[in-house]
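Shown next, in structure tokens, is the structure this report addresses.
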Amino acid sequence: MIIILGFDGLEYEYVKKFGCRNLMQKHFGKTDLSQFSEPRTIVLWSSFLTGKNQEKRILSGDLWTFKLKKEETFFNHFKNFYVLDTPGYNYSEDHKKERDALRAFFEKKGTVENYDEVAFENHKKIKEQFFNALNSGTNFDIVMGYFGVADVVGHLSFGLEEKMKIIYNELDEITRKVQEKHPDATILIVSDHGMKKIGRFGDHSNYAFWSLNIDKNLGNPKTTDFYSMIINNFKMSS
Amino acid sequence: MQKESLKLVIVGSVDHGKSTLIGRLLYDTNSLPQEKIDEIKKTCQMLGRDLEFAYLIDHLQEEREKEMTIDTSQTFFKSAMREYIIIDAPGHKEFIQNMMTGASQADAAVLIIDGSEGVVEQTKRHAYILNLLAIKNVIVAVNKIDKLNYDEKKFNTIKNQILEFLEKVAIVPLAVVPISAKNGDNVVKKSNQISWYQGASLLEELDKIAVSHEQKTKNLRLPIQDICKINGENIILGRIENGKINCGDQVKILPQNNKIKIEKILNFIGSNIVLSKEVGAGYNIGAVFNSNELSRGQVICTDNQELPNVDDKIKANIFWLDQNRNYKIGDHISLKCTTQEIDGIIEKIEKRINSSNLELLEKDAKELKHTEVGEVAFNLEKPLVFEDSSITPELGRFVLIQNQNVVAGGIIKSKI
Amino acid sequence: MNQITELEQKTIYIIREAYAQYKGKMAMLWSIGKDSTSLLWLCRKAFFGKLPFPVMHIDTSFKFKEIYEFRDKYTKEWGLDLIVAKNEEALKRGVNPKKGKFECCTELKTNALKQAMTKYGFRALLLAIRRDEHGIRAKERVFSPRDEHFTWDYKNQPAELWDQYKSKLAQDQHFRIHPMLHWTEKNIWEYILRENIPITSLYFSKNGKRYRSIGCETCCNPVCSNAKTVKEIVEELKVTKTAERAGRAQDKEQAYMMQKLRTLGYM
């Protein structure tokens, strides 16, 4: 089984700084995003899922409602698969609330606290769904869980390290639970992009994070390189 | 009169929990930027996680070090008694001049010692500096008592070790408090984890310290700082370091030993010059005397039997601060004490001492190195006016200047 | 002696100490703001109303009109020896904040000061900076030497014990002297209140807004406040948590982030 943990906006430097032992698996490193003009979430995940740069296609239409067909993604190569709330595929409408709260903050109609509440509510729900599916006893060939909390909270708080550490610890903990439950699975952790501080706020950085629990050093892969690794079950020469 | 605020320096080895203690004091007295704390607490709550106190504090400290934005409240905290100002005093050896710079401004000091490690090199050096700077109000905080399982016997063992050491540097602590900065035991509030401890919490002990500005003697000590001319009159400027000045009094001018009379004391209020009759210690004054022979560096004193010493040969303990250059016997230096600045040499280094363990390194040494303490004898080109630092601190302590820089601090011991 | 008097006396001692060493080669930098006006007040106190050294105003020519009015009024009333330092050459070239704030500040503030220091041969400058203004200020000394390029070697500073200050300078150095380093923003306002020190009306609330720190008209933003008197400002500061300069910085960051999040498609 392959388990993919997609952590939006997970920053390589923070993972190291906060000593997130479970996120730092056997091999881990940075992903190369230089093929994209801007690190946009929907574009990056869609490109990850398909192995093709989807930037032009997505920017010609509406960003947040963009949906790939199953046939275009690596899931098409597996019999039993489970995908949770992944941008560009089955990203939930619930996330609109996050963007609304973000706008409200900048328009001085809402606070950071209101915004965080929406993010944590979504996170709780998704976490529950994910573990319910993972522990359901179904024999999946591939599972992909997507957690947006680090990115969402990061936009208004990435500069507050002590706050971000709590969130990174949470993601580290989720990873530990997955690893313990499925010691034989191949676990790939990826982010779409990292983040950088702008005062208390957080901008997207132009690289991402990857981490793998098997003995394959992926070096500095492109977002679109994962597709073929996944469909070949990482059986390529390293 | 009691001071409204107390300047506090927290010294001790870097990893003995200084920043955690500062953080705990600020946190438990609600002195940290509340919005930030609330945000973090809320995040923990929403994710159902524990607040990592030590990390929070380390991070606030790191922010300060990195010169990012800080809130002024970080260095101030209040008890029910008064306001406290924490003076930064870095622990590393290479920052010893910064540590001394900070500590020399302090009214009181907390010496923090990790209970599981005991007295280490930096503890010793810092304790010695407190002695050198003549900081009398010292409280020892034995930190990480939780690691000693709140055990009374273990605490007493470490306490005795500390007291034995402090005796060597002539420090009698006001209290030795077992604390856990991490958990908040005995920092602001008394801990019920340590029922065997009869004393007060660290903050309660700090609140007991009395810092006042009252003069220790009635004897006037006024070093002349400068002379300026106002409306054709020569006004003597200076700060009263001890005693008080009264209009009309006959006083003595040292080192000349001449008698002069105070004719006028000036004050400036609003936009007008007003005359005063009497001014006390701590004030900067302007005064007119019936003499034309006054200049910077002279000391005006009450004319009685208790005059300060005047001598060109003195003994002192000095702490060598220059990392770039050692002192070699016979090197020219300037000695600055109050507004007196006198050239001279050290003609004898009677003892060369390691400041970290107070071991005697050498008798009759030829050289003094960075962070070493010397018991030395000066030969000055002109006589110095000085007094025991317990009577007038300003006349008992000095700095040494070489190549335009302060290279040492010292306390005068006696005449030779 | 209460805390404010203690601060006052320490400052007077430092001012006199500076003057004793640098007679004829010293000036005070007067931005006309509350801090430097308080420092000026203390300098007058130290010398019984008759300042024995010049005050220097770095004039970018973009200051508020209230600043010029205040400056001229009190220069006359207090009999000050005022030096107005302007980088005429840069102004002629048309340097202004719209063309680039960084260049504007460098040319019209830093370089104007450098030119004036050379012109008048000053070796010491009194400045009203405070430790609580910014993190890096915590590392400042009272007597702070700068080299000929105006750089501050804060990692390698001499010790400053008790109130014995470094008095001698190397050839190309000059001193920045900070007699108010130990004051806080709150202390300043309490002192202004106690002494009834005149300050420019920009600090007082008009239409719900007032300036908390003032510089050039072009680059200053007022804060929301209803404080119309010094007393009300002191009260306001007791409850304010944001740092004096933080307001300005966060506004900038917030504007940048809004722009960035739009580009990234979030808004």
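Residue numbers (the working numbering), protein chains in the order written: chain A, 192 to 429; chain B, 1162 to 1577; chain C, 100 to 366.
Positions of the beta carbon are idealized from the N, C-alpha and C atoms, including for glycine.
Note that the structure is predicted; figures quoted are calculated from it, not measured.
For Arg293 (chain C), which residues from the same chain have a beta carbon less than 8 Å from its beta carbon, with the 5 sequence-adjacent residues on both sides left out?
Ile103
I'd like to check one pair, Tyr205 (chain A) with Met386 (chain A): are the Cβ atoms closer than 9 Å?
yes
Would you call Ala1270 (chain B) buried or exposed, if buried means 16 or more other Cβ atoms sit within 10 Å of its Cβ?
That one is buried.
Between Leu196 (chain A) and Thr366 (chain A), which are expected to be in contact by the criterion C-beta below 8 Å, what is the C-beta distance as a whole number of angstroms?
6 Å
N- and C-terminal bounds of the beta strand (DSSP E) containing Phe1480 (chain B):
Asn1470 to Trp1481
Nearest-angstrom Cα separation, counted from Gly314 (chain C) out to Val1546 (chain B)
47 Å
Given this structure, state the Cα-to-Cα distance separating Ile421 (chain A) from Thr317 (chain C), to the nearest angstrom.
56 Å
Which word fits Glu470 (chain A), buried or exposed, when buried means at least 16 other C-beta atoms lie within 10 angstroms of its C-beta?
The shown model of chain A, from 192 to 429, leaves out residue 470 (chain A), and the question about it has no answer.
When the cut-off is 9 Å and only beta carbons count, does Ile389 (chain A) lie next to chain C?
yes
Does the beta carbon of Cys211 (chain A) sit closer than 9 Å to a beta carbon anywhere in chain B?
With respect to chain B, the C-beta atom of Cys211 (chain A) has no partner C-beta closer than 9 Å.
Tell me the residue span of the alpha helix (DSSP H) that contains Asp394 (chain A).
No alpha helix (DSSP H) contains Asp394 (chain A), which is instead part of the beta strand (DSSP E) from Phe392 to His395.
Using 9 Å as the limit for Cβ to Cβ distance, is Gly364 (chain C) near chain A?
yes
Arg309 (chain C) - partner residues in DSSP beta bridges
C:Val322
Quick one: list the residues of chain C neighbouring Val1567 (chain B), beta-carbon separation under 8 Å, in chain order.
Pro257, Ala258, Glu259, Leu260, Gln263 and Lys265
Who are the Cβ neighbours of Ile233 (chain A) in its own chain at under 7 Å, not counting the five residues just before and after it?
Ile249, Leu254, Trp255, Phe257, Pro278 and Gly279
Name the residue from C:Lys308, C:Leu138, C:Ala354 and C:Cys204 whose alpha carbon lies nearest to the alpha carbon of Ile332 (chain C).
C:Lys308
So, is Trp401 (chain A) buried or exposed, given that buried needs 16 or more other C-beta atoms within 10 angstroms?
buried
Could you tell me whether the Cβ atoms of Asp1387 (chain B) and Tyr118 (chain C) are closer together than 9 Å?
Contact flag set, yes.
Along the stretch 289–310 of chain A, where does the CB come closer than 8 Å to a CB of chain C? Name the residues.
Contact residues of the stretch 289–310 of chain A toward chain C are Arg290, Leu293, Arg294 and Phe297 (C-beta to C-beta distance below 8 Å).
Taking the C-alpha atoms as reference points, what is the distance between Ile194 (chain A) and Leu347 (chain A)?
Taking the straight line from one Cα to the other gives about 30 Å.
Neighbourhood of Gly242 (chain A) by C-beta distance below 8 Å, restricted to the same chain and skipping five residues each side:
Phe265, Thr415, Asp416, Phe417, Tyr418 and Ser419
How many Å lie between Cys317 (chain A) and Thr362 (chain C) at the Cα?
The displayed chain sequence assigns Ile, not Cys, to residue 317 (chain A). Roughly 27 Å separates the two Cα atoms.
The stretch 1261–1272 of chain B: which residues have C-beta closer than 7 Å to a C-beta of chain C, in chain order?
Within the stretch 1261–1272 of chain B, those residues whose Cβ lies closer than 7 Å to any Cβ of chain C are, in chain order, Met1261, Thr1262 and Ser1265.
Using beta carbons (cut-off 9 Å, strictly below), is Lys144 (chain C) in contact with chain B?
Answer yes: the Cβ-Cβ gap between Lys144 (chain C) and chain B drops below 9 Å somewhere.
So, with DSSP's three-state summary, where would you put Met127 (chain C)?
Residue state for Met127 (chain C) is assigned as strand, using DSSP reduced to three classes.
With a 10 Å radius around its C-beta and 16 neighbouring C-beta atoms as the bar for buried, classify Leu249 (chain C) as buried or exposed.
Reading off the sequence, residue 249 (chain C) comes out as Phe, not Leu. Under this definition Phe249 (chain C) is an exposed residue.
Met1207 (chain B) touches chain A at which residues, Cβ-Cβ below 8 Å?
The CB of Met1207 (chain B) comes closer than 8 Å to the CB of Asp307, Glu308 and Phe311 in chain A, given here in chain order.
Residues of the stretch 1405–1432 of chain B in Cβ contact with chain C at a cutoff of 7 Å, in chain order, please.
Leu1427, Phe1429 and Ser1432
Report the residue from C:Lys122, C:Ile111 and C:Asp271 whose alpha carbon sits nearest the alpha carbon of Val241 (chain C).
Minimum Cα distance to Val241 (chain C) is reached at C:Ile111.
Among B:Thr1318, B:Ile1296 and B:Ala1295, nearest to Gly1279 (chain B) - alpha-carbon criterion
Closest in C-alpha terms to Gly1279 (chain B), from the list B:Thr1318, B:Ile1296 and B:Ala1295, comes B:Thr1318.
Test item: CB-CB of Thr1621 (chain B) and Gly1399 (chain B) under 9 Å:
Here chain B covers residues 1162 to 1577 and nothing more, so residue 1621 (chain B) does not appear.
Can you give the Cα-Cα distance for His384 (chain A) and Arg311 (chain C), rounded to whole angstroms?
39 Å
Exposure of His1177 (chain B), with buried meaning 16 or more beta-carbon neighbours within 10 Å:
The residue in question, His1177 (chain B), is buried, as its Cβ has 16 or more Cβ neighbours within 10 Å.
Three-state secondary structure (DSSP) at Phe169 (chain C)?
DSSP places Phe169 (chain C) in the helix class (H, G or I) of the three-state scheme.
Rounded distance between the beta-carbons of Val1440 (chain B) and Ile1426 (chain B), thought under 8 Å
6 Å
Please list the terminal residues of the continuous alpha helix (DSSP H) segment that includes Phe239 (chain A).
Here the alpha helix (DSSP H) through Phe239 (chain A) covers Thr232 to Thr241.
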